[in-house]
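Here the structure comes first, spelled out in structure tokens, and everything after it is commentary.
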Amino acid sequence: MTDCIFCKIIAGNIPCAKIYEDDATLAFLDIGPCSDGHTLVIPKKHYETLDQCDPETMAAVGETLTNVALALVNALDIHGYNVVCNNGSQAGQEVPHLHFHIIPCKGNQKCVKLASQGQYAPGQMENIRKTIADALAR
Ligand code: AMP
Ligand code: ZN
Numbered sequence: 031m032t033d034c035i036f037c038k039i040i041a042g043n044i045p046c047a048k049i050y051e052d053d054a055t056l057a058f059l060d061i062g063p064c065s066d067g068h069t070l071v072i073p074k075k076h077y078e079t080l081d082q083c084d085p086e087t088m089a090a091v092g093e094t095l096t097n098v099a100l101a102l103v104n105a106l107d108i109h110g111y112n113v114v115c116n117n118g119s120q121a122g123q124e125v126p127h128l129h130f131h132i133i134p135c136k137g138n139q140k141c142v143k144l145a146s147q148g149q150y151a152p153g154q155m156e157n158i159r160k161t162i163a164d165a166l167a168r
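If you use the working numbering, the sequence shown corresponds to residues 31 to 168, in order.
Below you can see the structure in the form of structure tokens.
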């Protein structure tokens, strides 16, 4: 994707603060950190969202995510971390190249929380569960 900023980083046309790279994945510091060490893990193949990504690539991304998370825990004196993946503009995705944020929590630095949670009406949870499970079985 020639107009994708993350593809340009992968190609070396835009610099990044690289943490790790292998054949399938790249990890680098987010330029606008929520906290010190805020890292992005991306596949080198251009996919816009998680549901479009092939399982083999996601396995490689998962391995890099795990290794980088461990490095953050070992290297920084953090008290936890959030892994966030925004999919689609409605979900807040600004760069349309699949990426996972690893956001360390330290002291009173900003911490990611889910939007306010509600509850299902009677029967609604089972209807939604069945709809999703049926889609998966196809
Ligand atoms: P999202 O809202 O999930 O699409 O997040 C995109 C992230 O990419 C933001 O947190 C940006 O700060 C980050 N970002 C955008 N351009 C760059 C860049 N050139 N280098 C590092 N991070 C970037
Ligand atoms: Zn891309």
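Every residue, glycine too, gets a C-beta built ideally from N, C-alpha and C.
For this session: Return yes when the C-beta of residue 125 is under 7 Å from any heavy atom of the ligand AMP, and no when it is not.
Result: In the sequence shown, counting from the first residue as 1, residue 125 sits at position 95. Distances taken from the Cβ of residue 125 to the heavy atoms of the ligand AMP include one shorter than 7 Å.
Exercise. Given a threshold of 16 other Cβ atoms within 10 Å of its Cβ, counted over all protein chains shown, does residue 153 qualify as buried or as exposed?
Worked result: The residue labelled residue 153 in the question sits at position 123 within the sequence shown. The residue in question, residue 153, is exposed, as its Cβ has fewer than 16 Cβ neighbours within 10 Å.
For this session: Write down every uninterrupted run of the beta strand (DSSP E) in the stretch 108-143 whose length is 3 residues or greater and which is fully enclosed by it, in chain order.
Result: For the beta strand (DSSP E) assignment, the uninterrupted runs of no fewer than 3 residues enclosed by the stretch 108-143 are, from N- to C-terminal side, 110-114 and 130-135.
Exercise. Which residue from 97, 92 and 49 puts its Cα closest to that of residue 115?
Worked result: Here the question's residue 115 lines up with position 85 in the sequence shown. Ranked by Cα distance from residue 115, the options 97, 92 and 49 are led by 92.
For this session: Taking only heavy atoms of the ligand AMP into account, decide whether any of them is closer than 7 Å to the Cβ of residue 144.
Result: For the purposes of this step, residue 144 is taken as residue 114 along the sequence shown, with counting starting at 1. Incorrect: residue 144 has no Cβ contact closer than 7 Å to the ligand AMP.
Exercise. Alpha carbon to alpha carbon, how far is residue 44 from residue 132?
Worked result: Translated into positions along the sequence shown, residue 44 becomes position 14. Translated into positions along the sequence shown, residue 132 becomes position 102. The straight-line gap from Cα to Cα measures roughly 21 Å.
Exercise. Is it right to say residue 69 is buried, meaning 16 or more other beta carbons lie within 10 angstroms of its own, or is it exposed?
Worked result: As a working note, residue 69 is residue 39 in the sequence shown. Buried, since its Cβ has 16 or more Cβ neighbours within 10 Å.
Problem set entry | Ranges of the alpha helix (DSSP H) found wholly within the stretch 32-76, counting only runs of at least 4 | Fully enclosed alpha helix (DSSP H) runs of 4 or longer: 35-41.
Exercise. Do residue 144 and residue 117 have their C-beta atoms within less than 8 Å of each other?
Worked result: For this step, residue 144 is matched to residue 114 along the sequence shown. For this step, residue 117 is matched to residue 87 along the sequence shown. Remark: C-beta atoms of residue 144 and residue 117 do not approach each other more closely than 8 Å.
Exercise. Does any heavy atom of the ligand AMP sit closer than 7 Å to the C-beta of residue 60?
Worked result: Residue numbering aside, residue 60 sits at position 30 when the sequence shown is read from its first letter. Indeed, a heavy atom of the ligand AMP lies less than 7 Å from the Cβ.
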